[in-house]
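*Asks:* Here the protein sequences come in this chain order: A and B. If you count the first sequence from 1, position 360 lands on 360 in my numbering, and the numbers rise without skipping. If you count the second sequence from 1, position 203 lands on 203 in my numbering, and the numbers rise without skipping. My structure is below; once you've seen it, I'll send some questions.
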Amino acid sequence: MSADQRFIGVINSSPFRISMLYSTAFACGAAILLGAVYFAVTQVVDGGTDNLIEAEVQGLREQVLVLSRSDFIELIEQRSQEQDVRGAVYLMVDPQLRPVAGNVPAWPKIAANEGKWIQFKVSVPYGDETREHEMRAQRFPLPGGYRMLVGHDVQERQNVKNLMMRGLVAAVVATLMLGLGGGYWMGRRILAQAGAISAVATQIMRGDLSQRLPVRDADDEINTLALEINSMLDKIEQLTLGMRTVLDSAAHDLRTPLNRLQSSAEAAMSQLAPSAPERRVLERVTTEVDRMRGTLDALLRIALAETGTVARESVDLSELVASMVELYEPVSEERGIVLESAVAAGAHVQGSRQLLAQALANLLDNAIKFTPGGGHIRVQLQSAAGGPEVVVEDDGPGIPADKREIVLGRRVRLDEARKFPGSGLGLSLVAAVTKLHGARLVLDDAAPGLRVSLKF
Amino acid sequence: MRILIVEDDEVARDYLAKALREVGHTVDVATNGLDGLQMASSVAVDLAIVDRMLPQLDGLALVQSLRATGRKMPVLILSALGEVDDRITGLRAGGDDYLTKPYHMSELLARIDALARRGESGIHDSTKLKLADLELDRMTRRVTRNGKKIELTAREFQLLEFMMRHSGQVVTRTMLLEGVWDYHFDPQTNVIDVHISRLRQAIDKDFDKPLLHTVRGAGYSLREDE
Numbered sequence: 001m002s003a004d005q006r007f008i009g010v011i012n013s014s015p016f017r018i019s020m021l022y023s024t025a026f027a028c029g030a031a032i033l034l035g036a037v038y039f040a041v042t043q044v045v046d047g048g049t050d051n052l053i054e055a056e057v058q059g060l061r062e063q064v065l066v067l068s069r070s071d072f073i074e075l076i077e078q079r080s081q082e083q084d085v086r087g088a089v090y091l092m093v094d095p096q097l098r099p100v101a102g103n104v105p106a107w108p109k110i111a112a113n114e115g116k117w118i119q120f121k122v123s124v125p126y127g128d129e130t131r132e133h134e135m136r137a138q139r140f141p142l143p144g145g146y147r148m149l150v151g152h153d154v155q156e157r158q159n160v161k162n163l164m165m166r167g168l169v170a171a172v173v174a175t176l177m178l179g180l181g182g183g184y185w186m187g188r189r190i191l192a193q194a195g196a197i198s199a200v201a202t203q204i205m206r207g208d209l210s211q212r213l214p215v216r217d218a219d220d221e222i223n224t225l226a227l228e229i230n231s232m233l234d235k236i237e238q239l240t241l242g243m244r245t246v247l248d249s250a251a252h253d254l255r256t257p258l259n260r261l262q263s264s265a266e267a268a269m270s271q272l273a274p275s276a277p278e279r280r281v282l283e284r285v286t287t288e289v290d291r292m293r294g295t296l297d298a299l300l301r302i303a304l305a306e307t308g309t310v311a312r313e314s315v316d317l318s319e320l321v322a323s324m325v326e327l328y329e330p331v332s333e334e335r336g337i338v339l340e341s342a343v344a345a346g347a348h349v350q351g352s353r354q355l356l357a358q359a360l361a362n363l364l365d366n367a368i369k370f371t372p373g374g375g376h377i378r379v380q381l382q383s384a385a386g387g388p389e390v391v392v393e394d395d396g397p398g399i400p401a402d403k404r405e406i407v408l409g410r411r412v413r414l415d416e417a418r419k420f421p422g423s424g425l426g427l428s429l430v431a432a433v434t435k436l437h438g439a440r441l442v443l444d445d446a447a448p449g450l451r452v453s454l455k456f
Numbered sequence: 001m002r003i004l005i006v007e008d009d010e011v012a013r014d015y016l017a018k019a020l021r022e023v024g025h026t027v028d029v030a031t032n033g034l035d036g037l038q039m040a041s042s043v044a045v046d047l048a049i050v051d052r053m054l055p056q057l058d059g060l061a062l063v064q065s066l067r068a069t070g071r072k073m074p075v076l077i078l079s080a081l082g083e084v085d086d087r088i089t090g091l092r093a094g095g096d097d098y099l100t101k102p103y104h105m106s107e108l109l110a111r112i113d114a115l116a117r118r119g120e121s122g123i124h125d126s127t128k129l130k131l132a133d134l135e136l137d138r139m140t141r142r143v144t145r146n147g148k149k150i151e152l153t154a155r156e157f158q159l160l161e162f163m164m165r166h167s168g169q170v171v172t173r174t175m176l177l178e179g180v181w182d183y184h185f186d187p188q189t190n191v192i193d194v195h196i197s198r199l200r201q202a203i204d205k206d207f208d209k210p211l212l213h214t215v216r217g218a219g220y221s222l223r224e225d226e
């Protein structure tokens with residue numbers, strides 16, 4: 001798996017998605033909470049300063065009426081010095097806007113009406129350097145064309161607000177990042193564990209029942225699950241191996257007497273003259289032994305395929321189908337049947353080559369058996385995205401739609417087929433082998449004839 | 001040839017020993033795995049026929065021990081098991097051939113013959129195979145009879161090559177299916193017979209002396225008839 005694929009895998013994992021959802025919700029919550037705090041704090045701070053300025057404006061408006069100009073200037077100078085420059089600011093200008101008194105160097109050039117709030121920047125000395133400070137002020141006219149500015153340094157307030165805003169944004173971003181990171185980490189962790197489980201599961205499905213899920217030294221639910229699955233696998237392995245042992249002893253107990261029968265018949269035959277009448281009886285015995293052996297082989301192969309313990313390898317399906325067609329081509333030609341094939345190259349499946357070959361041979365045996373002379377058999381191997389598909393079609397009598405399911409069961413021979421030789425196990429073996437390979441077997445009408453499809 | 005039979009089933013063992021003696025072999029018998037191993041290790045046996053399920057020492061373990069001690073004689077394993085992948089385990093354990101019970105004596109004799117000849121030098125690595133006036137060149141993939149070129153398909157060539165390697169011996173249908181196609185089952189239809197008759201058409205039709213013979217009840221044989 002490439003890094004990109006792994007990344008996309010984690011992004012698509014459910015832990016990542018869930019944590020994304022949660023962290024987004026948490027970030028929204030944090031934004032609302034901090035936003036409310038921000039709003040309240042600015043209200044209080046802004047309101048406090050504004051009230052202060054308004055009161056000072058009011059006071060000075062009253063003072064200007066009772067004081068002479070020089071006294072008023074004196075008052076302004078005095079207040080300007082009393083206040084630190086970062087606190088209240090004052091500026092009195094003459095009609096030409098030249099400063100007369102106050103601690104602001106110049107009249108701000110802002111085209112706002114008198115009585116409106118204005119904000120402007122003033123350079124404030126900080127030791128050797130100066131800094132721009134935000135000021136908030138109101139302006140009002142004085143008698144004789146003079147004008148007055150009363151304000152307050154709001155840089156601190158601005159700093160607090162900026163800090164709060166930055167804090168708010170940082171908190172929301174941090175919540176999202178933590179959620180994202182945590183989700184990614186969790187997704188990767190779960191994916192790694194799930195990956196290990198599915199890798200083992202694949203091997204088990206390939207027939208290696210000795211495989212077990214990896215168990216870590218931890219007490220979490222995935223570990224518990226793995227332990228439980230492992231004990232389940234122990235049980236399955238025991239049962240399957242038990243079944244194989246039963247099959248092997250059954251095979252042994254049937255093959256040994258059959259072999260004795262064969263040996264005895266052959267031994268007896270070797271004593272007889274070629275023309276002796278007893279020979280015919282003994283020949284019939286060996287023919288029956290052969291037939292029983294055929295049935296036994298088929299039954300054992302079906303049972304073995306059904307235990308799923310058959311060793312698997314990579315099988316070149318294209319080569320297999322082509323060589324089976326080539327194997328059966330002369331015999332079909334001899335019977336006047338045209339065997340056509342279209343085999344796509346490069347199709348591979350995991351499985352047992354011998355069992356797949358046997359299944360294909362059974363399908364071809366059947367097709368040849370039931371197709372009349374002059375008929376056609378078509379064998380196709382199609383390579384599709386989902387997996388290869390093998391199709392064997394003939395234009396023989398076919399199987400009626402209502403009986404197609406039944407023939408896949410053991411030892412079913414339709415009445416119409418009784419005149420043909422065979423054990424009736426052919427299609428059951430095909431069904432067992434298809435199932436072992438995780439493929440799907442479909443019987444269909446080839447109109448006329450039978451269409452058998454093995455979709456891997 | 002001196003052949004050791006390790007088989008616990010009395011009926012099968014006696015008939016096997018008798019049949020092998022009749023075709024001129026010297027036969028030793030053992031009835032369990034341990035005796036079998038002892039005899040195979042001490043006596044100069046040319047070939048061993050070992051049953052897979054034996055008392056005291058399992059047939060596969062016997063073959064493995066033989067191979068581990070450096071004994072290289074051909075071994076034919078007889079099995080009464082379920083087959084399919086049992087064959088692979090048998091061959092992996094060191095067996096040279098594998099036959100499932102019940103078997104025909106003709107099949108077993110043909111296989112023993114093939115196994116015995118396998119050790120003979122020159123059969124495997126010569127590029128040119130020759131029988132009477134029939135010649136096959138594995139390098140150029142050219143087949144001639146009496147100097148005349150014979151056209152064969154790829155499979156017919158393989159079939160002829162197999163028959164020529166075993167010329168003079170009986171080759172059974174299952175041996176052909178295994179050796180040429182690598183399939184281990186008995187087809188219900190006579191697929192092999194038709195392939196053989198095509199080959200016969202190609203190599204024997206235009207010539208007086210047929211080389212490819214049918215051996216009744218056993219299989220085929222490629223040989224020069226006197």
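All C-beta atoms, glycine included, are put in the ideal place defined by N, C-alpha and C. Since the model is a prediction, treat every value here as computed from it, not as a measurement.
Rounded to a whole number of angstroms, what is the C-alpha to C-alpha distance between P102/B and R255/A?
*Replies:* Taking the straight line from one Cα to the other gives about 6 Å.
*Asks:* Please report the distance separating the alpha-carbon of L109/B from that of G374/A.
*Replies:* Roughly 41 Å between the two C-alpha positions.
*Asks:* Against chain B, does I368/A count as a neighbour if the rule is that its beta carbon must be under 7 Å from one of theirs?
*Replies:* Chain B contact via Cβ: present.
*Asks:* Going along chain A, which residues have a C-beta under 7 Å from G168/B?
*Replies:* Result: empty, since nearest Cβ-Cβ is about 23 Å, beyond 7 Å.
*Asks:* Determine the direct distance from the alpha carbon of L300/A to that of A61/B, and round the result to whole angstroms.
*Replies:* Roughly 24 Å between the two C-alpha positions.
*Asks:* Note down, one range per segment and in chain order, each alpha helix (DSSP H) of at least 4 residues found wholly within the stretch 137-216 of chain B.
*Replies:* For the stretch 137-216 of chain B, whole alpha helix (DSSP H) runs of length 4 or above, ordered along the chain, are 154-165, 173-176, 191-204.
*Asks:* For R155/B, which residues in chain A fall below 9 Å Cβ to Cβ?
*Replies:* What R155/B touches in chain A: S323, E326, L327.
*Asks:* Pop quiz: A305/A and L441/A are said to be a contact at Cβ under 8 Å. What is the actual Cβ separation, rounded to whole angstroms?
*Replies:* Rounded, the Cβ-Cβ distance is 12 Å, inconsistent with contact.
*Asks:* Against chain A, which members of the stretch 67-88 of chain B pass a CB distance test of less than 9 Å?
*Replies:* Cβ contacts with chain A come from L78, S79, A80, L81, G82, E83, V84, D85, D86, R87, I88.
*Asks:* Which residue from S231/A, R451/A, D220/A puts its Cα closest to that of Q211/A?
*Replies:* With distances taken between Cα atoms, Q211/A lies closest to S231/A.
*Asks:* Determine the burial state of I196/B: buried for a count of at least 16 other Cβ atoms within 10 Å of its Cβ, exposed for fewer.
*Replies:* Burial call: buried.
*Asks:* Taking E405/A as the reference, which of G187/A, L443/A, Q382/A has the closest Cα?
*Replies:* Answer by Cα proximity: L443/A.
*Asks:* In chain order, what residues of the same chain have a beta carbon less than 8 Å from the beta carbon of V23/B, not counting five sequence neighbours either side?
*Replies:* Once the five neighbours on either side are set aside, the close Cβ partners of V23/B are L109.
*Asks:* Output the distance between the C-alpha atoms of T26/B and K18/B, rounded to the nearest integer angstrom.
*Replies:* Going from the Cα of T26/B to the Cα of K18/B covers about 10 Å.
*Asks:* Contact check, V6/B vs A44/B under 8 Å by CB: the rounded distance?
*Replies:* Not confirmed; about 16 Å, so no contact.
*Asks:* In three-state terms, what does DSSP make of I3/B?
*Replies:* Looking at I3/B - three-state DSSP - the assignment turns out to be strand.
*Asks:* Can T144/B be considered in contact with the ligand FMN, in the sense that its beta carbon sits closer than 6 Å to one or more heavy atoms?
*Replies:* Looking for the ligand FMN in the displayed structure turns up nothing, as the structure carries no ligands at all.
*Asks:* Which residues in chain B have a C-beta closer than 7 Å to the C-beta of P330/A? List them in chain order.
*Replies:* The answer, in chain order, is V194, H195, R198.
*Asks:* With the cut-off set at 7 Å, would you say E132/A and K121/A are in Cβ contact?
*Replies:* Yes. Within cutoff.
*Asks:* On the criterion of 16 or more Cβ atoms from any shown chain inside 10 Å, does Y220/B qualify as buried, or is it exposed?
*Replies:* That one is buried.
*Asks:* Below 8 Å on the Cβ atoms is my contact criterion, and I expect S79/B with T100/B to pass it. Report the Cβ-Cβ distance as a whole number of Å.
*Replies:* Yes, they are in contact, since the Cβ atoms of S79/B and T100/B sit about 5 Å apart, within 8 Å.
*Asks:* Does the beta-carbon distance from D395/A to G449/A come in below 7 Å?
*Replies:* Contact: yes.
*Asks:* Here's the rule I'm using: 16 or more other beta-carbon atoms within 10 Å means buried, otherwise exposed. How should V390/A be labelled?
*Replies:* Classification of V390/A: buried, given that the 10 Å Cβ count is 16 or more.
*Asks:* Expressed to the nearest angstrom, what Euclidean distance is found between the alpha-carbon atoms of A303/A and R17/A?
*Replies:* Near 45 Å, if we compare the C-alpha coordinates of R17/A and A303/A.
*Asks:* Which chain A residues are close to H184/B, counting only those with a beta carbon under 9 Å from its beta carbon?
*Replies:* Under the 9 Å cutoff, chain A gives Q354, A357, Q358.
*Asks:* If you follow the alpha helix (DSSP H) that F456/A is part of, which residue opens it and which one closes it?
*Replies:* First-last for F456/A: undefined, no H or E at that position.
*Asks:* Would DSSP call Y15/B helix, strand or coil?
*Replies:* Helix.
*Asks:* Can you tell me where the alpha helix (DSSP H) with G35/A in it begins and where it stops?
*Replies:* Per DSSP, G35/A belongs to the alpha helix (DSSP H) from 14-66.
*Asks:* Once DSSP output is grouped into helix, strand and coil, what is the label at M292/A?
*Replies:* Here M292/A sits in helix by DSSP.
*Asks:* List the endpoints of the continuous alpha helix (DSSP H) containing I76/A.
*Replies:* Here the alpha helix (DSSP H) through I76/A covers 69-82.
*Asks:* If contact is defined by three or more beta carbon pairs under 8 Å, each pair taking one atom from either stretch, is the stretch 252-268 of chain A in contact with the stretch 224-244 of chain A?
*Replies:* Too few Cβ pairs lie closer than 8 Å, so no.
*Asks:* Let's see if you can read the secondary structure: which residues bound the alpha helix (DSSP H) around K235/A?
*Replies:* From DSSP, the alpha helix (DSSP H) with K235/A extends over 221-271.
*Asks:* Tell me, please, whether the CB atom of Y98/B is closer than 7 Å to any CB atom in chain A?
*Replies:* Not one chain A Cβ lies under 7 Å of Y98/B.
*Asks:* Considering only the alpha carbon of each residue, which of T434/A, Q358/A, T371/A, L317/A lies closest to L339/A?
*Replies:* Taking only the C-alpha atoms, the option nearest L339/A is T371/A.
*Asks:* In the DSSP assignment, find the unbroken alpha helix (DSSP H) run with I204/A in it and report its ends.
*Replies:* Residues 155-205.
*Asks:* Leaving out the 5 sequence neighbours to the left and right, which residues in its chain are closer than 7 Å to R335/A when beta-carbon positions are compared?
*Replies:* Once the five neighbours on either side are set aside, the close Cβ partners of R335/A are I368, G373.
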